[in-house]
Each structure stands twice: as structure tokens, then as C-alpha cells.
Amino acid sequence: MKNFYKYLPISAQDENWGLQVLHAGYQEYAPGGQYPDAEHPKHHTFSWENGRVLQEYSLVYVTEGSGVFNSQATGDIPITSGSVIAIFPNVRHRYRPNLKTGWKEYWIGYQGAFMANLVDKEFFDPEHPVVNVGYNQNMISLFNEVIEIIDKEKPAYQPLVSGAAIYLLGQIYNSSKQKSFGQDDVENIINRARSIIRDNLESKLCPNDIADQLHISYSRFRKLFKGYTGMAPIQYQIQLKLEKAKEELVNSTRSVKEIAFSLNFESTQYFSNLFKEKTKLTPLEFRKSFAKNAGTLDK
Numbered sequence: 001m002k003n004f005y006k007y008l009p010i011s012a013q014d015e016n017w018g019l020q021v022l023h024a025g026y027q028e029y030a031p032g033g034q035y036p037d038a039e040h041p042k043h044h045t046f047s048w049e050n051g052r053v054l055q056e057y058s059l060v061y062v063t064e065g066s067g068v069f070n071s072q073a074t075g076d077i078p079i080t081s082g083s084v085i086a087i088f089p090n091v092r093h094r095y096r097p098n099l100k101t102g103w104k105e106y107w108i109g110y111q112g113a114f115m116a117n118l119v120d121k122e123f124f125d126p127e128h129p130v131v132n133v134g135y136n137q138n139m140i141s142l143f144n145e146v147i148e149i150i151d152k153e154k155p156a157y158q159p160l161v162s163g164a165a166i167y168l169l170g171q172i173y174n175s176s177k178q179k180s181f182g183q184d185d186v187e188n189i190i191n192r193a194r195s196i197i198r199d200n201l202e203s204k205l206c207p208n209d210i211a212d213q214l215h216i217s218y219s220r221f222r223k224l225f226k227g228y229t230g231m232a233p234i235q236y237q238i239q240l241k242l243e244k245a246k247e248e249l250v251n252s253t254r255s256v257k258e259i260a261f262s263l264n265f266e267s268t269q270y271f272s273n274l275f276k277e278k279t280k281l282t283p284l285e286f287r288k289s290f291a292k293n294a295g296t297l298d299k
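Residue numbers (full-length UniProt numbering): 1 to 299.
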């Protein structure tokens, strides 16, 4: 693939989309070569001695080669084939390939409230800017597609490339979570736990019972489960019970009391309060709303 980069203008309409791609490209650096390339725009180039500070976010995906990344928050972090470097606004940083290896890199720069929210919610962190996703053909294909789209700059191209940037962020976050909980035994524990919960929605099974069936302590089970799924086991169980209750309310004539009893909620009142908290409707209001909207498409 030929070296390529392009910096893009942003319209007022683009800014309303929530995330805007500012630049993207591909560059291959041979061993011993200058980094960054002398032809790189001056407003984004830097020296190793001084580093640089950007006003936007960027992702740099190193598909071949090795090197180092450095920021004030992290110190030196080794970069290997498959590493993604996340660059954050107003953070002085620098990175370069090893002279002996060079490297091949894709990059994309972007801004917008969407990314600011992800950082605010701690999905991405300037203190942990490097994730190794390995050789990911989906990401490579997506970068190539972005390059092809911005090269042509056809009307309304920004939603396409900003959507690609969001997908890339999802891939990177997914990889980071898989790295944290990638051990086969952990994944098996979580999958078994989810299966046990789903198979026992109408029983009095509690999270401690699940941990016992998995032959691990409850504290370890809860930590693994929440880290993997984003919610505690009891929250996961309650959400599935509420989904089951919705099915019963819509598709059966069982009373609210019978449904609450069958799903082993501690009382009808507790079930009703929890249902309203999650859906903004009482169980009866939920049932009536579906009865009201029931009908046919046949004329």
C-alpha cells in the first residue's frame, strides 16, 4: 500500500454528528528512516526531544515493527506489532519506531462530544494509552476503507468515517477487556454462571449458590462477573427476571402476584416497585400499554 495522509475540513453540519474525523493515513517507515516523515505537515510533526501536544484524539495502529511510546503520565511503553496507541488532547507525548525494525502504521484523528463522553466515563484513560489488539484484519480493512472514502471526499462522507472511528474504538475497548479477562478458565466461569442464572430464573437461586456450583468463593465470583459483564451477578439476575416478567405480562393472563411469586421476588410490592423503577410503569400499566397497542396490520 502507498503512503497516504489527508487532513479534512469540518462543516457546522459535521459538528452536529457527535464525532468528526480530522485526518487519517497510512505510513511505512523503513529501518533507520526519519520519524516522522519530513513531508508530514508541520502542525502535526514533532521531535523526539520536545514531543508534541495535540488538540484532538488520535489512534495509531502499528501493524508491523516495534518501537516506544512515551508521555508524562506513562513513561516509556514498548510498542510491538499489533499495538494501538490512543493519543489524548493536551497530553504531551512522543513515539517512534526502533531504528532496526521501522514500522507500518495506520492512524486516524478525531474530535467530538462522543469521545469526550467515553473518556469521562473512563472507557479510555490517558494513563493506559496502549492496547495490543494483534493482527486484526477487520481493523486494517476499516482503516483502508476510511482512507479510500476521505481520498474521494464525496458528499456526506463524514458520517461514514466517523462511524468507522466509533467501530475502531469499540474493537480496541473489546480487545482490552478480552486481555483483562481472556483466560479460558475465566471465560468459562462467566459463561457457566450466565447459563446457570438463565436456567434458574424461577428458582430461589442466589449468587452465593452460583459461586458454590462454580467451586469458587463468592467474592472472587462477584469480582470476575462484574469485571467481565459490567454488572454484579444479582443485577444481571434481576434484569433477566424483569425481562421474563415482561413476557409474562404481555403473553399470559397470570396476575402480577402470580408472576412475582413464580420469579421468587420477595413480595408483590417489591416486584412492582422494582419494575416501575426500571420501566417507569407499574406491571399493570405495562400490561395495559401492550393491550392498548395490540391489533393487526391487516386492513
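Think of the CB as a built atom: it goes at the ideal place given N, C-alpha and C, for glycine as much as any other residue. Here the structure is a predicted model, which is why all the values come from computation and not from measurement.
Selection from 26, 132 and 71 that minimises the alpha carbon distance to residue 48: Residue 48 has its Cα closest to that of 71, out of 26, 132 and 71.
CB contact flag (residue 32, residue 99, <7 Å): Less than 7 Å divides the Cβ of residue 32 from the Cβ of residue 99.
Three-state class that DSSP yields for residue 11 in the structure shown: In the structure shown, residue 11 sits in coil (DSSP, three-state: anything other than H, G, I, E or B).
Rounded Cβ spacing between residue 190 and residue 228 (contact assumed at less than 8 Å): That belief holds up - the Cβ atoms of residue 190 and residue 228 are roughly 5 Å apart, short of 8 Å.
Span separating the alpha-carbon of residue 286 from that of residue 27: Distance from the CA atom of residue 286 to the CA atom of residue 27, rounded to whole angstroms, is 56 Å.
As assigned by DSSP and simplified to three states, the class of residue 22: It is a strand residue.
Alpha-carbon to alpha-carbon, residue 109 and residue 124: Our two residues, residue 124 and residue 109, have alpha carbons roughly 15 Å apart in a direct line.
Start-to-end residues for the alpha helix (DSSP H) that takes in residue 76: Taken as a continuous stretch (DSSP letters only), residue 76 belongs to no alpha helix (DSSP H), being part of the beta strand (DSSP E) at 75–79.
Closest Cα partner of residue 107 within the set 113, 265, 36 and 62: Nearest option by C-alpha distance: 62.
Pair within 7 Å by beta-carbon distance, residue 273 and residue 204: With respect to the 7 Å criterion, residue 273 and residue 204 are not classified as neighbours on the basis of their beta carbons.
Distance between beta carbons of residue 67 and residue 96, contact taken as under 8 Å: With 8 Å as the limit, residue 96 and residue 67 qualify as a contact, their Cβ atoms being about 5 Å apart.
Given 8 Å, three or more beta-carbon pairs between the region 10–18 and the region 158–172: With a cut-off of 8 Å, the region 158–172 and the region 10–18 count as touching, because enough Cβ pairs lie within range.
Extent of the continuous beta strand (DSSP E) run through residue 104: It spans 103–111 - the beta strand (DSSP E) in which residue 104 sits, taken as one unbroken run.
Cβ pair residue 65, residue 101 closer than 7 Å: Residue 101 sits close to residue 65, with the two beta carbons spaced by under 7 Å.
Residues near residue 14 in its chain [Cβ-Cβ closer than 7 Å; skip 5 each side]: Same-chain partners within the cutoff: 20 and 158.
Start-to-end residues for the beta strand (DSSP E) that takes in residue 87: Where residue 87 is concerned, the enclosing beta strand (DSSP E) stretches over 83–87.
Bridge partner(s) assigned by DSSP for residue 134: Its beta-bridge partners do not exist; DSSP assigns none.
Cβ shell of residue 270 (< 6 Å), same chain only, five flanking positions each side left out: Hits under 6 Å: none found.
Status (buried if at least 16 other CB within 10 Å, exposed otherwise) for residue 1: Answer is exposed; the Cβ neighbour count stays below 16.
Alpha helix (DSSP H) runs wholly inside the region 125–180, at least 4 long, in chain order: With a minimum length of 4 residues, the continuous alpha helix (DSSP H) runs that stay inside the region 125–180 are 137–152 and 157–180.
Cβ neighbour criterion (16 or more within 10 Å) applied to residue 219: Flag for residue 219 reads exposed.
Same chain only: Cβ atoms within 6 Å of residue 114, ignoring 5 sequence neighbours per side: Excluding residues up to 5 positions away in sequence, 18 and 19 lie with their Cβ nearer than 6 Å to the Cβ of residue 114 in the same chain.
DSSP state of residue 123 mapped onto helix, strand, coil: In the three-state reduction of the DSSP assignment, residue 123 falls in the coil class.
7 Å Cβ cutoff met for residue 202 and residue 262: For residue 202 and residue 262, yes; Cβs fall inside 7 Å.
CB of residue 54 within 7 Å of CB of residue 84, strictly: Taking 7 Å as the Cβ cut-off, residue 54 and residue 84 do not qualify as a contacting pair.
Residues of its chain near residue 289, where Cβ-Cβ distance is below 8 Å and the 5 sequence neighbours each way are ignored: Counting only residues of its own chain and dropping the five nearest sequence neighbours on each side, residue 289 has a CB closer than 8 Å to the CB of 281.
Cβ pair residue 226, residue 232 closer than 7 Å: Taking a C-beta distance under 7 Å as the contact criterion, residue 226 and residue 232 qualify as a contact pair.
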